[in-house]
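Residue numbers (this note's numbering): 3 to 154.
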């Protein structure tokens with residue numbers, strides 16, 4: 003049976019506002035999840051978020067929640083590149099940001115859910131869960147670095 007959820011949490015030495023800005027910035031998202039080019043993002047519920055994965059093609063996502071600077075979520079396809087996310091092929095990625103202590107840091111929690119409901123060939127849902135589980139720690143470390151050490 004495929005596990006349904008991946009959950010990761012980190013503390014970032016930056017304000018929730020700073021983390022929100024980086025997390026929703028097209029250039030950062032492009033470096034973080036794509037080929038380095040800025041992503042296309044319509045930052046509103048129902049808006050399109052389009053990642054360019056270079057040789058792997060475009061990965062479309064649909065924004066679900068936007069509550070600055072506390073909650074951002076999107077639904078993205080785990081199927082073939084270019085597939086619009088729907089109830090059979092997509093997982094939900096949700097970031098929750100909360101102030102962490104008097105030093106002004108941020109506790110970020112990322113939850114990706116919906117793997118058990120994916121309708122994909124063979125054991126592809128389990129493969130996606132394993133791959134995403136392995137990739138999130140590095141992605142979140144990259145986010146922390148960009149938040150704590152802004153480029154000049």
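Every residue gets a Cβ at the ideal spot worked out from N, C-alpha and C, and that includes glycine.
Just so it is clear, the structure is predicted and the values come from calculations on it, not from any experiment.
For residue 19, no beta strand (DSSP E) run applies; the uninterrupted alpha helix (DSSP H) run containing it begins and ends at 18-25, by DSSP.
Per the coordinates, the alpha-carbon of residue 34 lies some 20 Å from the alpha-carbon of residue 87. In this structure, 108 is the residue among 126, 108, 133 and 150 with its C-alpha nearest to the C-alpha of residue 11. Within the region 57-133, the complete beta strand (DSSP E) runs of at least 3 residues fall at 60-69, 73-79, 92-102 and 107-115. In this structure, the beta-carbon distance from residue 95 to residue 78 falls below 8 Å. About 5 Å separates the CB atoms of residue 52 and residue 62; that is less than 8 Å, so the two are in contact. Relative to the Cα of residue 103, the nearest Cα in the group 44, 15 and 92 belongs to 15. By the neighbour-count criterion, in which a residue is buried when 16 or more other Cβ atoms sit within 10 angstroms of its Cβ, residue 152 is exposed.
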